[in-house]
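Worksheet for the structure shown next.
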Amino acid sequence: MGKKKQIQSSRFGVYAVLKYKNKFILIKKGKGPFKGRWDLPGGKTDFGESPEETLNREVMEETGLKIRSSRLEDVLAYTHESKKETFHHTGVIFECEAKDIKQLNREPDGNDSFGAEVFSKRELKFMKLTPLAKKSLKKKI
């Protein structure tokens, strides 16, 4: 029998390295190949949205927080292979500061996040991060 052909797909999204008072806010992935790992808040652009609009919407949906300031930091890409699929993920990364964390949503959002949490640089060094979060935070921790 021949080998099954693997599915190839591309993913593109806008993500926040979201900080508040020198700490980092991450979400716990609720689905996908990195379910259970910690990730940057963000996601795909809806039709007609600018990257900044996507950034603000995704951060609000996944963390409950509003962004005080943001600046484009990087564009990163990686390829991940599993038994069923090979996907190429490109992320536009913004460095952002949250206005405050009073409204931080630590509960699942019913979509992609099991909830958001705040971490120190030291804590991040020992956490299971997604490849995108690892690449984005590499120089910061």
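Residue 52 is where the sequence shown starts when you use this note's numbering, and the numbers rise one by one after that.
Cβ coordinates follow ideal geometry from the N, Cα and C atoms, glycine included.
Would you check if the distance between the CB atom of I58 and the CB atom of E136 is smaller than 8 Å?
To locate residue 58, count along the sequence shown from 1; it is residue 7. To locate residue 136, count along the sequence shown from 1; it is residue 85. Contact flag set, yes.
Per DSSP, what kind of secondary structure is L188 in: helix, strand or coil?
Reading the sequence shown from its first residue, position 137 is the one you call residue 188. Here L188 sits in helix by DSSP.
Among the candidates N107, R88, D160, whose CA atom is the shortest distance from the CA of D97?
On the sequence shown, position 46 is the one that residue 97 refers to. Ranking the options by Cα distance to D97, first place goes to N107.
Where do the N-terminal and C-terminal ends of the beta strand (DSSP E) with F122 fall, by residue?
Translated into the one-based positions of the sequence shown, residue 122 becomes position 71. Residue 122 is actually Arg in this sequence, not Phe. 118-132 is the extent of the beta strand (DSSP E) around R122.
Can you confirm whether the segment 180-187 touches the segment 153-168 when touching is taken to mean that 3 or more C-beta pairs between the two stretches lie within less than 8 Å?
Counting Cβ pairs under 8 Å, fewer than three are found: no touch.
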